[in-house]
Amino acid sequence: MIGLARDQSAALGLIVICVTVLMAVLAPALAPLDPVKNSLVDRLTPPMWNAGGSAKHPLGTDTLGRDVASRLLYGARVSLIVGLAAVVIAGVLGVGLGLLSGYYRGWADDALMRLGDVQLAFPVLVLAVAVLAVLGASLANVILVLGVTGWITYARIVRGETLSLRQREFVEAARALGATDGYLLWRHILPNVLPPVTVVATFSVARTIIAEASLSFLGLGIPPPAPSWGAMLDEGRNYITTGWWLALFPGLAILLLVLGINLVGDWLRDQLDPRMERSM
Amino acid sequence: MIRRSRLLIVASMLTWPLVAAGQQPAGPPRAVDGVAIDPDAELIVALADDTTNMDPRIGMGSIRSNYIRQVFEGLVDVDAQGRPAPGLALSWKPVGELTWEFALRRGVTFHDGEPFNADTVLFNLDRFFRRNLDRWSIKDVLAATQFEKTYPFVTRWEKVDDYTVRIHTSEPAPTLWDFIGREPMVPKAYTVKNGVDGLNDRPVGTGPWKMVEWKRKTSMLFERNDGYWGTHPLFRKMRFQTIPEGAARIAALRAGQVGLIEGVPPFDAPALGQDPRLKVAASPQKLSCRLYVNGRPKDKYDSGGKDGLFSDQRVRLALNLAVNKEAIIKKIFNGYALANASPVASVSYGYAAQEPYPYDPARARTLLADAGFRDTNPLTLQLLFPAKHYGQSFDEMTPAVAEMLKDVGVQVTLKPVDFATLLQTATKGTLPPNGGFAACRTGNNLDADDYLRDWGAIAMINWAPYPPELMALYTATRREVDAQKRLRLLADLQRQVRDWAPVVALYQEVKVYAHSARVLRFTPLPELNMDFRGVAVKK
Amino acid sequence: MRAFLLRRALHAVFVLWGVVTAVFFLVRLTGDPTPFLVDQSATQQEIADARRHLGLDRALHVQYLEFLRSVPRGDFGTSIREKRPAMQMVLEHLWPATVELAAAALLISTGLAIPLGVASATHKNGLVDHASRLASLFLQSMPSFWLGLMLILLFAVELGGLLPAFGSGGVRHLILPAVTLAAAPLAQNVRLIRSGMLEVLQQDYVRTARAKGLAERLVIYRHALRNAAIPVITVTGLSLGFMLSGAVIIETVFSWPGMGRLIVQAVPGRDFPVIQAGVFVFALIFVGLNLIVDLLYTVVDPRVRLT
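Residue numbers (my numbering), protein chains in the order written: chain A, 1 to 280; chain B, 281 to 819; chain C, 820 to 1126.
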């Protein structure tokens, strides 16, 4: 950021993330109204500083009369849960498979990398659309789809690191002393693999949050009436001129959260692995 | 000699102005209502989608209708109020109980010059009912409506003379003029020569427009048919441009890139109306949106051994009383929708207005309690709804309706599904006993029977079959050939169906168009297609 | 080299086989397309007839084998919705629509990135540097469709039709969608080039070249950029993949008649032939691009061994 050192930007990012987490956790206490109950009478009231707005709905209401501020607070939950859960799934899957693949090599390694190639060649959105069409759209299924499609990145990085690590002296030494494979993987290789994985994971969370918004935009995300920022953006896009607040606030929320995460990720990368390609 | 020739010269000089005046080319008018128009203008019309076919047999859904009916026409035409009018047939009447006779219009030619006559009609009937296809050596197409299965009582057809056709049936068929008359007619020689693929790619019809160019999924260019038998459009060229997003269509209209748009979302209509350069026009459509609830009895259908929870008429009536249609129409549709208690669309032939269902939640609760549903044993409803299929307003309306039902004690679970899944569930009959779905029913034809037949046969749309009395009345309407008597029977049936409440009526669609103020005399039809005959563009 | 190419070709064929098999079974899992073909009041018999007409009543492995046989011929069947050859439909959407959009976006995202990245690196902490880094951060944090909607609002509506909001057919129509599609990759590339250049500019051989009195311009473009180009090539390869699939959203927002939108719209409509054909073409392009990227590596960096 302009004029600020890396550390200060990261701190700013961390503050944004913490605020969002607080919002999500404290939503029931903070939210003025029920985010799901609709009321035609209150439909499309503007934010309170506009003509026609009221303090009852500080950020206005949507097309079904639901309070935007409340939905924003509860929506933080969805974004954070989807972002974290999907990345955890992808991470665990990818790291696990990458470790095994890089350590044991052989036909399993080949098969896994081929599978990864096939999955990469498949257009991600089409895959998501098709899978969700089969399983039906729900919070769990969206997390599943985003998680399962993300394993390759981690697997590749981890496999690469494992391949080089397994040749190193300390590994040979430990093996000579009678260490089992499991022990080696767990105590020696995994800790060395984690720093780049952490950096990638951080940026992944940001990307997943945007991906969820994109899925909602195509009508495939968390089904209504659940308040997700992506779904709110999609509902608001038809009202850009007459109901600008519907798309502005969730869009701003996504932007700020993702920005914060990216700033923290930059800082993490500088700390953990400055050699790493700044391509993430 | 000289005098005679001089006389001739003088005579011709004197009469020349008269002759010239008589020979004034009757070209297209240059002014309409006192306003100068541009007869060579090209009007660009923005539609939400392209058509997938131009052969009418393959299908005539709402978007396709728009394209196909510019080029093709049927025996029966529609006027601006949606009433049947002479089209390619000048008149039609029943001859006895089992025959219909159509008197055809003379002097009509297809765009390639082929004449339209009784042979054309016979050929088209063969195509509808899939007979003699090998005689004409044309391919069979998988059609959306299979005439031989839907109207098996039509037996044979013959030509009486070059401009009269008779169609015979095995039982009285009072709506034959409708389901046969509204089907567009294709040219016989052209189709036989070029095959159905040729007809689909380069359509040739009798309509006011000729298709000139088709860029799939992008645009279709039409040119005026100067040999058209009826009212001509007053501008030369028209381009149908595909713009899927409603907001993009409106932006294009505002920016002057298109002259007319269809499918204006109701929430955008007021803002457009305030723009002095634009005009908004609307017309009710034959599209009724409802909640279909599972009222199938276990003995009639493969319902897994259980009665649908909504087979009690009181329950369905209660749901109808619980929905505040006025609020929905005013708030979500900005007034661009109709509340209609008759199962038949208000613009259909044979429609009889019914007493509207009042908004009465108290009485709804009482009715539900009478039927056995109270706080301790609440009525549950698993409502499937096809999100993003019918438009933004439908998507907003469904949760609002669900909330209204919740207010009278019904526990509604909304389940958004994609349209294909909904179709599949309805087709296979796999709704649970407390299941239902929100959907809109289009009427393709003019007659009220199009709507009333829903609950008469075993089909995917029938979730509350007619009880015996209603079935008898319905059968009577299908047998009464005398028009006046039939209208009375239809009115009676509609009144009883209103009370029987087979579905939860929500609203009837009003389609909104917007166009530049330079487009004159555009009137939307209560039909799926737009009609540009008589429309002009200001200079 | 030849062995390398042969191995890569075999690998590519395998990947394509995997993709078409996956899509074959996946679409059939999504359900039955026949309800779309028949009337609202169709009977079970009519529906069964329609299924037979489409060949969907045969055993799955029979359908699969026939599918595999017809793929090398380029025959992916007839679209259920439009009753035309599916591959023809896909190609009509690919060329020129999707290719135009991807090419324009690629041009913007790499073409603009090089001067911006170089300027950022050579004038580190200057105004251009800070401005481009800030912009990059924001652009990468924004959902692409939001950016697209804001641009439509600004250019097509507020500024009274400066740029068209819909459809294709000319350079003017291409600008907004291409810019929106290129935004995130551009941001990424600028940061990449900047960091790559920064690293390289500190290297000894650069200092040597400078000390030798070589013109600054030559130093930057001939020596430094060449080495900084490697990560850019990787990322460009990947971002092409992103562009081809991310284009779906842009195509939807701007009503651009491209291939991505065709495929995604075919899924709810259960138009199997079109989905299969489209995914195949997409995979073909992706695999082909990867091959080109690998070959480019050898040109740019002879140290890379092709294993």
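Every residue, glycine too, gets a C-beta built ideally from N, C-alpha and C. The model shown is predicted, which means the values in this text are computed figures rather than measured ones.
> According to a CB-to-CB cut-off of less than 8 Å, which residues of the segment 835–851 of chain C neighbour chain A?
Replying inline: So the close ones are Leu-835, Gly-837, Val-838, Ala-841, Val-842, Leu-845, Val-846, Leu-848, Thr-849, Gly-850.
>> Tell me the DSSP secondary structure of B:Phe-653 in three-state form.
In response: B:Phe-653 falls in the coil class under three-state DSSP.
>> Here's a check: name, in chain order, each residue in its chain whose Cβ is nearer than 6 Å to the Cβ of B:Asn-809, leaving out the five neighbours to either side.
In response: Closer than 6 Å at Cβ, skipping near neighbours: Ser-345, Asn-346, Arg-349.
> Which bits of chain A does C:Leu-968 rub up against, with CB to CB less than 8 Å?
Replying inline: Listed along chain A are Arg-237, Ile-240, Ala-247, each with a C-beta nearer than 8 Å to that of C:Leu-968.
> Is DSSP giving B:Tyr-581 helix, strand or coil here?
Replying inline: Under the three-state reduction of DSSP output, B:Tyr-581 falls in the coil class, being neither helix nor strand.
>> Can you pull out the residues from the segment 553–569 of chain B whose beta carbon lies closer than 7 Å to at least one beta carbon of chain C?
In response: Under the 7 Å Cβ criterion, the segment 553–569 of chain B contributes no residue.
>> Give me, in chain order, the residues of the same chain whose beta-carbon lies closer than 7 Å to that of B:Thr-400; leave out the 5 immediate sequence neighbours on both sides.
In response: Met-465, Pro-467, Lys-468.
> Measuring CA to CA, which of C:Asp-1113, C:Val-1093, C:Asn-1109 is closest to C:Glu-911?
Replying inline: When only C-alpha atoms are compared, the closest one is C:Val-1093.
> Hey, quick one: how far does the beta strand (DSSP E) through C:Ser-928 stretch, first residue to last?
Replying inline: No beta strand (DSSP E) holds C:Ser-928; the alpha helix (DSSP H) holding it covers 918–930.
> In terms of alpha-carbon separation, which member of A:Val-258, A:Leu-263, A:Glu-235 lies closest to A:Arg-71?
Replying inline: Ranked by Cα distance from A:Arg-71, the options A:Val-258, A:Leu-263, A:Glu-235 are led by A:Glu-235.
> Under 8 Å between the Cβ atoms of A:Val-87 and A:Ala-201?
Replying inline: The Cβ atoms of A:Val-87 and A:Ala-201 lie closer than 8 Å to each other.
> Within 8 Å (strictly less), CB to CB, does A:Val-293 reach chain C?
Replying inline: It is not possible to answer for residue 293 of chain A, since the shown part of chain A is limited to 1 through 280.
> Interface residues of chain A around C:Val-990 at Cβ under 8 Å?
Replying inline: Neighbours of C:Val-990 on chain A: none; closest Cβ ~25 Å, over 8 Å.
> Alpha carbon to alpha carbon, how far is B:Lys-559 from B:Pro-545?
Replying inline: So the alpha carbons of these two residues sit roughly 15 Å apart.
> Should the segment 788–795 of chain B be called in touch with the segment 527–545 of chain B, which here means at least 3 C-beta pairs below 8 Å?
Replying inline: Because the criterion of three Cβ pairs below 8 Å is met, the segment 788–795 of chain B and the segment 527–545 of chain B touch.
> A:Asn-262 touches chain C at which residues, Cβ-Cβ below 7 Å?
Replying inline: The answer, in chain order, is Leu-956, Gln-959, Ser-960.
> What are the complete alpha helix (DSSP H) segments, minimum 4 residues, inside the segment 210–251 of chain A?
Replying inline: If you keep only unbroken alpha helix (DSSP H) runs of at least 4 residues inside the segment 210–251 of chain A, you get 229–236.
> Counting pairs of beta carbons, one from the segment 385–403 of chain B and one from the segment 361–375 of chain B, are three or more of them closer than 8 Å?
Replying inline: Three or more beta-carbon pairs separated by less than 8 Å link the segment 385–403 of chain B to the segment 361–375 of chain B, which places the two stretches in contact.
> Within this structure, are the beta carbons of B:Gly-341 and B:Lys-566 separated by less than 8 Å?
Replying inline: Not closer than 8 Å, so no.
> At what residues does the beta strand (DSSP E) containing B:Pro-366 begin and finish?
Replying inline: Its beta strand (DSSP E) spans residues 364–366.
> For C:Leu-1005, which residues in chain F fall below 7 Å Cβ to Cβ?
Replying inline: The chain labelled as chain F is not found among the protein chains of the depicted structure, namely A, B and C.
> Where does B:Phe-382 sit, in a helix, a strand or coil, going by DSSP?
Replying inline: Strand.
>> On the DSSP letters alone, give me the boundaries of the alpha helix (DSSP H) that B:Pro-550 sits inside.
In response: Counting along the chain, B:Pro-550 sits inside the alpha helix (DSSP H) bounded by residues 549–553.
>> Between the alpha carbons of C:Phe-1061 and B:Lys-605, how many angstroms are there, rounded?
In response: Taking the straight line from one Cα to the other gives about 46 Å.
> Can you tell me whether DSSP reads A:Tyr-103 as helix, strand or coil?
Replying inline: Here A:Tyr-103 carries a helix assignment [DSSP, helix/strand/coil].
> Are the C-beta of B:Glu-525 and some C-beta of chain C separated by less than 8 Å?
Replying inline: B:Glu-525 has a beta carbon lying within less than 8 Å of a beta carbon in chain C.
>> Strictly under 8 Å for the Cβ-Cβ distance: is C:Pro-996 near chain A by that measure?
In response: For C:Pro-996, the answer is no, since every Cβ of chain A falls outside 8 Å of its Cβ.
> Count the other CB atoms within 10 Å of the CB of B:Ser-417; is the residue buried (16 or more) or exposed (fewer)?
Replying inline: Answer is exposed; the Cβ neighbour count stays below 16.
> Does the pairing of the segment 210–229 of chain A with the segment 65–81 of chain A give three or more beta-carbon distances under 8 Å?
Replying inline: The segment 210–229 of chain A makes contact with the segment 65–81 of chain A, as at least three CB pairs between them are under 8 Å.
> What are the start and end residues of the beta strand (DSSP E) that includes B:Leu-558?
Replying inline: Here the beta strand (DSSP E) through B:Leu-558 covers 558–573.
> Whose C-beta lies closer than 8 Å to the C-beta of B:Tyr-731 among residues of the same chain, with five residues either side of it excluded?
Replying inline: Taking B:Tyr-731 as the centre and dropping the five residues before and after it, the same chain places the C-beta of Ser-568, Pro-623, Val-624, Ala-625, Ser-628, Arg-721, Gly-723 closer than 8 Å to its C-beta, in chain order.
> So is C:Ile-1111 buried or exposed if we call it buried at 16+ other beta carbons inside 10 Å?
Replying inline: The residue is exposed, with fewer than 16 neighbouring Cβ atoms inside 10 Å.
> Mind pulling the chain A residues with CB within less than 7 Å of C:Ala-1102?
Replying inline: Neighbours of C:Ala-1102 in chain A, taken as residues at a C-beta separation under 7 Å, are given in chain order as Ala-121, Phe-122.
> Going along the chain, which residues of its own chain have a beta-carbon closer than 8 Å to the beta-carbon of A:Gly-53, five neighbours each way excluded?
Replying inline: Within the same chain, Thr-45, Pro-46, Pro-47, Gly-60 come within 8 Å of A:Gly-53 by CB-CB distance, once the 5 residues on both sides are set aside.
> Could you give the residue range of the beta strand (DSSP E) that holds C:Glu-815?
Replying inline: The structure shown does not extend to residue 815 of chain C, since chain C is modelled only from 820 to 1126, so the question has no answer here.
> Quick one: Cα of C:Leu-835 to Cα of C:Val-1083, how far?
Replying inline: If you take the alpha carbons of C:Leu-835 and C:Val-1083, they lie about 20 Å apart.
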